[in-house]
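Number of protein chains: 2
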Amino acid sequence: MMNFSRRKFLQRTAVTASAMAVIPEIIAAALPAEKRQAVSIPKNGVILFQGDSITDAGREKTKELPNNGASFGTGYAFVAATSLLERFAGQQLSVYNRGISGNKVFQLADRWQKDCLDLKPDVLSILIGINDYWHMRNGNYDGTVEIYEADYRKLLQQTKAALPNVQLVICQPFALPGTTAVDESWVAPVKAYQEVAEKMSREFNATWVPFQRVFDEAIRRAPAKYWAADGVHPSMAGCQLMAAAWLKAVL
Amino acid sequence: MMNFSRRKFLQRTAVTASAMAVIPEIIAAALPAEKRQAVSIPKNGVILFQGDSITDAGREKTKELPNNGASFGTGYAFVAATSLLERFAGQQLSVYNRGISGNKVFQLADRWQKDCLDLKPDVLSILIGINDYWHMRNGNYDGTVEIYEADYRKLLQQTKAALPNVQLVICQPFALPGTTAVDESWVAPVKAYQEVAEKMSREFNATWVPFQRVFDEAIRRAPAKYWAADGVHPSMAGCQLMAAAWLKAVL
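Protein chains in written order, with this note's numbering: chain A, 1 to 251; chain B, 1001 to 1251.
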């Protein structure tokens, strides 16, 4: 028994060491371990990534298969999902991406029955909000931060009512100034949307993924354009950083 | 408070064990550290992934941009490249995917000037050979393992002549029996092609990535179909495993 405990300890230590080796320094610096609220991944679990173009990432939308590269596109969701499927091999997970470019919260609500509730996710990850600001800013949407909060709360209440045991992951919308689409004038207004998303994560006991903090750390290593050319859509490097941050926050 | 801390500790322990148990053990068991020959990634370095459908992975072929998700497709090359671009942020790497579905070695040679030499890669990763066997097996190609070896050696000689300082990464072709396309009768003949690829890696002082060994270890954790439904084209989990193996072998 003592041997067993000791072996378990050493095993855990070794595992932690190998885990640290693959966690980017940027992530370790941006996401203190004690802050995260872990999610449990059940056997035969369904995991769903929802959001806008950042989640969509050019996925095909005719078959929309689980655990399928073409149906995932080339974004953070693909990188995070491949890692989930690898780490939890043998647990028969079904991982879906149903992000759609341009979506704001009310557009998630319009398709929520088909693209979320019908899939009965055990884990639901949502990244939404940058278009709620951006489309208002460019005159294509008359929403406000108050509407974003009301719409988001309503969507999450509806989700919890239909799926009482769903484990929620709420991701922080982000914007990187000094890029082709984003300048410093975005920071203060986007912060208001970020605070709403974080408030939702507390109200609904969700795991919080602070992507803005991660990118704020990342720009010490390379210019904002390296992580997201337009300041909104992540580069391949940005996708890897987001996937690593998501996995560290969730697992 | 003590209850809370203890609960968090136990929760974190359980999650860490379940999350990290699978892959580090597979990779560690399949790729002993002392076996690998590290590659150096130079500043402004060009890294090229070459191969067949496993590398192609549905990439777009009109723009063929470096560091671009659509131009990478949804395979191991995308996952490996996102990690390279994140780890070497600030070094202005250009990472390309020029794999094309169905290719055999002679078809790489046909397009080598445009799709390899003109890009002047500092690091060139090649995964080729399964179609040299498969297309012969199904009667669509009259090649042999001797032709595979002669063609592969000629391609690598031509590459070294044009790019004397290129760092080569030669990947082991693989096949997983017990799947929709592959059965046990593949194992012995495919082994002959694998031995040629490994011989090439020694002759040309290349880093060797033993994917078959990795998948042989992986099928202890989940059925072969989980890692590659048809035994040749990796699933998302298989892509993550390949990327992790490639990175561990190369870096």
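Each residue gets a CB set at the ideal place from its N, CA and C atoms; glycine is no exception.
Touching by the beta-carbon criterion (3+ pairs, under 8 Å), the stretch 160-170 of chain A and the stretch 212-230 of chain A: Taking a cut-off of 8 Å for Cβ pairs, the stretch 160-170 of chain A and the stretch 212-230 of chain A do not touch, as fewer than three such pairs fall below it.
Inter-stretch contact at 8 Å, needing at least 3 Cβ pairs: the stretch 1103-1113 of chain B / the stretch 100-112 of chain A: They do not touch, by the three-pair rule.
Three-state secondary structure assigned by DSSP to S1235 of chain B: Note: S1235 of chain B maps to coil in three-state DSSP.
Test: E1217 of chain B CB closer than 8 Å to a CB of chain A: For E1217 of chain B, the answer is no, since every Cβ of chain A falls outside 8 Å of its Cβ.
Per DSSP, cross-strand counterpart(s) of N1097 of chain B: For N1097 of chain B, which the question treats as bridged, DSSP gives the partners B:F1049.
Contact under 8 Å by Cβ, H233 of chain A with I26 of chain A: Inclusion of H233 of chain A and I26 of chain A in the CB contact set at 8 Å is not warranted, their separation being larger than that value.
As assigned by DSSP and simplified to three states, the class of M1020 of chain B: Reliability fails at M1020 of chain B, whose pLDDT of 37 lies under 50, so the model's placement of it is uncertain and no value is given.
Residue-chain proximity (V1022 of chain B, chain A), Cβ-Cβ < 8 Å: Reliability of the predicted coordinates at V1022 of chain B is poor, the pLDDT of 40 falling under 50, and no value is obtained from them.
CA-to-CA distance, N140 of chain A to L1065 of chain B, given in whole angstroms: Whole-angstrom Cα-Cα distance: 31 Å.
Endpoints, alpha helix (DSSP H) assigned at V187 of chain A: DSSP places V187 of chain A in the uninterrupted alpha helix (DSSP H) bounded by V187 to E203.
Where I54 of chain A sits in the DSSP three-state scheme: Three-state DSSP puts I54 of chain A in a helix.
Simplified DSSP assignment, three categories, for Q167 of chain A: Assigned with DSSP and collapsed to three states, Q167 of chain A falls in strand.
Proximity test, Cβ basis, 8 Å: N1067 of chain B and chain A: Output row for N1067 of chain B: interface = yes.
Alpha-carbon to alpha-carbon, G1090 of chain B and G222 of chain A: At residue 222 of chain A the sequence reads Ala, which differs from the Gly that was named. If I take the Cα positions, the gap works out to 5 Å.
Endpoints, beta strand (DSSP E) assigned at T1265 of chain B: Since the first residue of chain B shown is 1001 and the last is 1251, residue 1265 of chain B is not available in this structure.
H1135 of chain B to G1102 of chain B span [Cα, whole Å]: Each residue's alpha carbon lies about 9 Å from the other.
Close-in-space but distant-in-sequence residues of the same chain around Q194 of chain A (CB under 7 Å, 5 per side omitted): Answer for Q194 of chain A: Q172, P173 and Q212, listed in chain order.
Outcome for E203 of chain A when other beta-carbon atoms lying within 10 angstroms are tallied against a minimum of 16: E203 of chain A is exposed by the Cβ-count criterion.
Pick from B:R1059, B:I1219 and B:I1047 that is closest to A70 of chain A, judged by C-alpha positions: When only C-alpha atoms are compared, the closest one is B:R1059.
Proximity test, Cβ basis, 8 Å: D56 of chain A and chain B: Answer no: the Cβ-Cβ gap between D56 of chain A and chain B never drops below 8 Å.
Exposure of N138 of chain A, with buried meaning 16 or more beta-carbon neighbours within 10 Å: Under the 10 Å beta carbon count, N138 of chain A is surrounded by fewer than 16 other beta carbons and is classified as exposed.
Contacting residues, own chain, Cβ-Cβ under 6 Å from D1115 of chain B (five flanking each side not counted): So the list reads R1098, once near-sequence residues are dropped.
Residue burial classification, E149 of chain A (beta-carbon count within 10 angstroms, cutoff 16): Burial call: buried.
DSSP state of L127 of chain A mapped onto helix, strand, coil: L127 of chain A: strand per DSSP, three-state reduction.
CA-to-CA distance, D1122 of chain B to T1207 of chain B, given in whole angstroms: When only Cα atoms are considered, T1207 of chain B and D1122 of chain B end up about 13 Å apart.
is_contact[E1064 of chain B, chain A] using C-beta, thresh 8 Å: No Cβ of chain A is located within less than 8 Å of the beta carbon of E1064 of chain B.
Nearest neighbour of L1084 of chain B, chosen from B:D1230, B:L1119, B:N1044 and B:K1191 [CA to CA]: Comparing alpha-carbon positions, the option among B:D1230, B:L1119, B:N1044 and B:K1191 lying closest to L1084 of chain B turns out to be B:N1044.
DSSP state of V1145 of chain B mapped onto helix, strand, coil: Looking at V1145 of chain B - three-state DSSP - the assignment turns out to be helix.
Span of the alpha helix (DSSP H), counted from its first residue to its last, around V1079 of chain B: Looking at the DSSP string, the run of the alpha helix (DSSP H) that includes V1079 of chain B is Y1076 to R1087.
Beta-carbon spacing of Q157 of chain A, W112 of chain A below 8 Å: No, Cβ-Cβ distance for Q157 of chain A and W112 of chain A is not below 8 Å.
Close-in-space but distant-in-sequence residues of the same chain around P189 of chain A (CB under 7 Å, 5 per side omitted): Sequence-distant Cβ neighbours of P189 of chain A in its own chain, meaning closer than 7 Å and more than five residues away, are Y133.
Listed by chain order, chain B residues near G90 of chain A by CB distance under 9 Å: Chain B residues near G90 of chain A: V1022, R1221, A1222, P1223 and Y1226.
Within chain B, partners of V79 of chain A - CB distance below 7 Å: Within chain B, the residues placing a beta-carbon under 7 Å from that of V79 of chain A are V1079 and T1082, ordered along the chain.
Best match in B:A1228, B:L1176, B:I1128 and B:P1177 for proximity to R1153 of chain B [C-alpha to C-alpha]: The option with the nearest alpha carbon to R1153 of chain B is B:I1128.
C-beta atoms of I126 of chain A and A175 of chain A nearer than 8 Å: Result no, Cβ atoms of I126 of chain A and A175 of chain A do not sit closer than 8 Å.
Terminal residues of the alpha helix (DSSP H) in which P25 of chain A lies: Checking the sequence shown, residue 25 of chain A turns out to be Glu, not Pro. Element bounds for E25 of chain A: E25 to A30.
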